[in-house]
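Down below is the structure, laid out as structure tokens.
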Amino acid sequence: MRIGIIGAAGKIGQMRVQTVQENPKTTLAAVMDLSAEKAAALAKGAPVFTELERFLDVPMDAVIISTPAHVREPLCLAAFARGLHVLSEKPLHHTVDGSRRIVEAARTARRHLGGGFNMRYYPAFAFVKDIMASGQIGEIDHVRIYGGHEGLPKFAYDWEYKAEISGGGALWDVGIHMSDMARYLLGEITEVYGVATEKVWKVPGSEDNAMAIFKSPSGVSAIYQATWTDWKGYQSAVEVYGSHGMVRGAYAPMQTMLITMEKPGGKVTKVTNRFPGIQIREKLKSWKTTALNSFAAELAEFVALTEGREGLRIADGHAALRAVEIAAAVPESSRTGQPVKLANLGPMRF
Ligand SMILES: NC(=O)c1ccc[n+]([C@@H]2O[C@H](COP(=O)([O-])OP(=O)(O)OC[C@H]3O[C@@H](n4cnc5c(N)ncnc54)[C@H](O)[C@@H]3O)[C@@H](O)[C@H]2O)c1
């Protein structure tokens with residue numbers, strides 16, 4: 570598959586370039602960035618553009634869009650208009666309406682839209698999903714899910730926390746990975762009730778804390794928190810409780826815990842995994858190696874998605890849209906004091 574990358578010179582774009590260059594099924598057709606110089610240094614001979622239509626004139630099958638969210642809509646729409654598949658970073662767009670227009674454009678073009686929820690591929694979270702599906706913890710009762718870090722000092726650029734560019738605060742940052750994870754585990758989220766606050770960092774429109782309950786059509790609910798005031802540092806965690814046990818996945822560090830029982834309240838068997846190989850690799854190299862591995866796995870599945878394969882981990886366009894709708898729904902519920910109901914989108918098909 571011939572892939573073009575927009576925003577190739579950015580922090581994430583650079584990693585996307587590397588994964589496309591390393592995957593035997595993909596070739597880097599062209600790159601585009603506002604900074605041609607930086608992009609050229611990475612492109613290893615692939616043509617470099619600063620102008621969208623000239624970039625899209627290069628023969629290719631798909632684009633990865635690694636720009637900030639607020640410029641994504643015209644890029645996605647132009648790519649679909651050229652008949653290309655799109656893999657977009659999260660959030661799909663900084664607005665719900667823009668995200669809906671992008672999904673609609675994919676549907677009209679009959680092209681695949683992948684959402685960049687690479688944490689689905691983190692071994693601890695993939696383990697949680699697989700255990701849930703295996704039936705080992707019995708009938709699923711509820712999910713607890715959390716994503717947070719210490720907020721503004723964590724960001725390299727101010728656009729990353731300004732709502733008019735990023736969409737909002739903790740809900741749109743690590744929190745959006747975890748709301749996607751909640752939907753991934755629950756199957757769908759059709760009701761959101763929550764509270765969002767801006768007491769600490771006081772960035773208008775960018776909540777530093779969000780607490781919510783997500784309801785799914787299956788009757789299983791999730792309790793969720795996204796925060797920019799976790800002074801302990803970066804952490805994301807998922808716990809799924811069933812009638813016959815529970816499973817936990819967390820990062821960083823990567824770790825899992827599985828508790829199983831023959832009957833509710835019975836003798837507990839507990840298995841933990843602290844992924845020593847990953848911890849050593851991160852210590853010797855960087856945490857970025859974990860992100861890079863997840864981007865590589867996501868790329869392989871994006872290719873498989875365009876080949877029509879099903880049963881993949883990759884987030885589709887509906888997952889990307891629902892994650893944005895949830896990020897907007899929590900503050901709305903906080904303002905009105907009412908739950909926000911969302912339609913059942915299901916998987917994206919055309
Ligand atoms: N999945 C993850 O783990 C993860 C982590 C961090 C960021 N992200 C997301 O990835 C995206 C990029 O984040 P980043 O940290 O790499 O940002 P960045 O600022 O480092 O890179 C963005 C790049 O896009 C380029 N760009 C901006 N507007 C453009 C346009 N109109 N056309 C072409 N290029 C343009 C910039 O020149 C820059 O090189 C954001 O949506 C962010 O939320 C995802």
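Residues in the sequence shown are numbered from 570 upward in steps of one, following our numbering. Ideal placement from N, C-alpha and C gives every residue a C-beta, glycine not left out.
Closest residue to G763 among H887, L682 and A781 (Cα-Cα distance): For this step, residue 763 is matched to residue 194 along the sequence shown. Comparing Cα-Cα distances from G763 to each of H887, L682 and A781, the minimum goes to A781.
Between the beta-carbon of G576 and the beta-carbon of S668, is there less than 9 Å? Counting from 1 along the sequence shown, the entry for residue 576 is found at position 7. Counting from 1 along the sequence shown, the entry for residue 668 is found at position 99. No.
Would D602 pass as a contact of G582 if the rule is Cβ separation under 9 Å? Here residue 602 is taken as the residue at index 33 of the sequence shown, counted from 1. Here residue 582 is taken as the residue at index 13 of the sequence shown, counted from 1. Contact: yes.
Quick check on DSSP: helix, strand or coil for V764? Within the sequence shown, residue 764 is the residue found at index 195, counting from 1. Strand, per DSSP.
Spatial neighbours of I847 in its chain, beta-carbon cut-off 8 Å, leaving aside the 5 residues before and after: Position 278 of the sequence shown, counted from the start, is the residue given in the question as residue 847. Counting only Cβ-Cβ distances below 8 Å, and skipping sequence neighbours, we find P692, P822, M823 and T859.
Go ahead and pull the three-state DSSP assignment for Q907. Start at 1 with the first residue of the sequence shown, and residue 907 comes out as number 338. Of the three classes helix, strand and coil, the one that applies to Q907 here is coil, per DSSP.
Neighbourhood of L721 by C-beta, 8 Å cutoff - its chain only, sequence neighbours within 5 removed: The residue labelled residue 721 in the question sits at position 152 within the sequence shown. Only Y730, W770, V772 and W797 meet the Cβ criterion.
Which word fits L755, buried or exposed, when buried means at least 16 other C-beta atoms lie within 10 angstroms of its C-beta? In the sequence shown, residue 755 corresponds to position 186, counting from 1. The residue in question, L755, is buried, as its Cβ has 16 or more Cβ neighbours within 10 Å.
Cβ pair count under 8 Å reaching 3, the region 783-790 against the region 799-806: no
Run through DSSP, which three-state label would R918 get? On the sequence shown, residue 918 is found 349 positions in, with the first residue counted as 1. The answer is coil: DSSP assigns R918 none of H, G, I, E or B.
Alpha-carbon spacing of Q587 relative to T829, whole angstroms: The residue you call residue 587 lines up with position 18 of the sequence shown. The residue you call residue 829 lines up with position 260 of the sequence shown. Spanning the two alpha carbons is a distance of roughly 40 Å.
Using C-beta distances below 6 Å, list every residue in its chain close to W741, excluding the 5 sequence neighbours before and after it, in chain order. Along the sequence shown, one-based indexing puts residue 741 at 172. Only P660, S735 and A896 meet the Cβ criterion.
Boundaries of the alpha helix (DSSP H) in which H654 is found, first to last residue: In the sequence shown, counting from the first residue as 1, residue 654 sits at position 85. First-last for H654: H654 to E658, but that is the beta strand (DSSP E), not the alpha helix (DSSP H).
With C-beta atoms as the reference, is A638 less than 9 Å away from F618? Along the sequence shown, read from residue 1 onward, the residue named residue 638 stands at position 69. Along the sequence shown, read from residue 1 onward, the residue named residue 618 stands at position 49. No, Cβ-Cβ distance for A638 and F618 is not below 9 Å.
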